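Enquirer: Positions in the sequence shown are counted from 1; adding 169 to them yields our numbering. Glycine is no exception: its CB is placed at the ideal position from the N, C-alpha and C atoms. From a predicted model like this one, the values you see are computed outputs, not experimental measurements. Sharing a structure, written as structure tokens. Questions coming.
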Amino acid sequence: MQNYKFKVQSYRWLAKRLGGVEFRNFSLFTFHSQLTPRQNGFTAIEMVVVVAIIALISSIILVRFPAFSGNIHLQRSSRELALLVRKAQNMALSVRWVPGPNAPTSFGVYIDRTTTPVTAILFGDLPGSGQYGRYDGEPTDTRIETLALDRSVRIQEILCNASGANHCTDTLDVSFLVPEARMSIWGDDAGGEQAAEITFSAIGVIYTRSVVVRASGQIFIR
Numbered sequence: 170m171q172n173y174k175f176k177v178q179s180y181r182w183l184a185k186r187l188g189g190v191e192f193r194n195f196s197l198f199t200f201h202s203q204l205t206p207r208q209n210g211f212t213a214i215e216m217v218v219v220v221a222i223i224a225l226i227s228s229i230i231l232v233r234f235p236a237f238s239g240n241i242h243l244q245r246s247s248r249e250l251a252l253l254v255r256k257a258q259n260m261a262l263s264v265r266w267v268p269g270p271n272a273p274t275s276f277g278v279y280i281d282r283t284t285t286p287v288t289a290i291l292f293g294d295l296p297g298s299g300q301y302g303r304y305d306g307e308p309t310d311t312r313i314e315t316l317a318l319d320r321s322v323r324i325q326e327i328l329c330n331a332s333g334a335n336h337c338t339d340t341l342d343v344s345f346l347v348p349e350a351r352m353s354i355w356g357d358d359a360g361g362e363q364a365a366e367i368t369f370s371a372i373g374v375i376y377t378r379s380v381v382v383r384a385s386g387q388i389f390i391r
């Protein structure tokens, strides 16, 4: 009984010390909240740390932005060229009609890596040469679409393969004969190519992407 009275008196004394809190309302939570001072807002050190973290993240993003942007342009350019070649193939299969004096005997894509910006031309081949603008007294080829690649992207090389021997060219014609869409590959006006690889590079990007076409009709990106 004496121990109980001592505890009650101790709690009442502690409650008075905490600001007159009555014994019946006293709890450990009240005791902790009364002893712990309230802290509102940020301290100067916390603000400095937050600003430093934001500055560090921003600097990393700014440093890597050219490479990130170049990577996007590289992927988009290679994909657009592959789709353009695929479009020529589909037009040959469907025997697509295009405006002009005659119906094209084939559809193809002409690429010249020396132009700025690099352009690819989707054309309808009227004289049946399999090349863009190559004719002997025949009507000129029909330009259907012109694809201009991003200025930050360039064609690093055009590698052709004829009879197992690789050689580089500046121009490339990939055409599909109507209606079976049989592929013909011409590198620098020389026919009989078995395959061609157009390699793209971009400013600030260390790796490359390539569009590969094969005389069997395959078109893919690697």
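Assuming D342 and G239 make a contact with CB atoms under 8 Å, what is their CB distance in whole Å?
Expert: In this structure D342 does not touch G239 by the C-beta definition: roughly 28 Å separates them, more than the 8 Å allowed.
Enquirer: Kindly indicate which residue of T285, T284 and K256 has the alpha-carbon position closest to the one of S344.
Expert: K256
Enquirer: Spell out a yes or no on whether the segment 291 to 305 and the segment 320 to 335 are touching, meaning 3 or more CB-CB pairs, one atom from each, closer than 8 Å.
Expert: no
Enquirer: So what's S138 in DSSP terms, helix, strand or just coil?
Expert: As displayed, the chain neither begins before 170 nor continues past 391, which places residue 138 out of reach and without an answer.
Enquirer: Look at the alpha carbon of A317 and the alpha carbon of T212, and state the distance between them as a whole number of angstroms.
Expert: 55 Å
Enquirer: Look up E215 in the DSSP assignment and say whether it is helix, strand or coil.
Expert: helix
Enquirer: Provide the residue(s) that pair with S323 in DSSP beta bridges, ordered along the chain.
Expert: Looking at the sequence itself, residue 323 is Arg, so the reference to Ser does not match. Answer is S370, bridged to R323.
Enquirer: Label G333 either buried or exposed according to how many other C-beta atoms from any shown protein chain fall within 10 Å of its C-beta, with 16 as the threshold for buried.
Expert: exposed
Enquirer: What's the gap between the Cα of G293 and the Cα of T311?
Expert: 5 Å
Enquirer: Whether or not the segment 246 to 262 and the segment 271 to 289 are in contact is what I'm after, with contact meaning three or more pairs of Cβ atoms, one per stretch, closer than 8 Å; do they touch?
Expert: Counting Cβ pairs under 8 Å, three or more are found: they touch.
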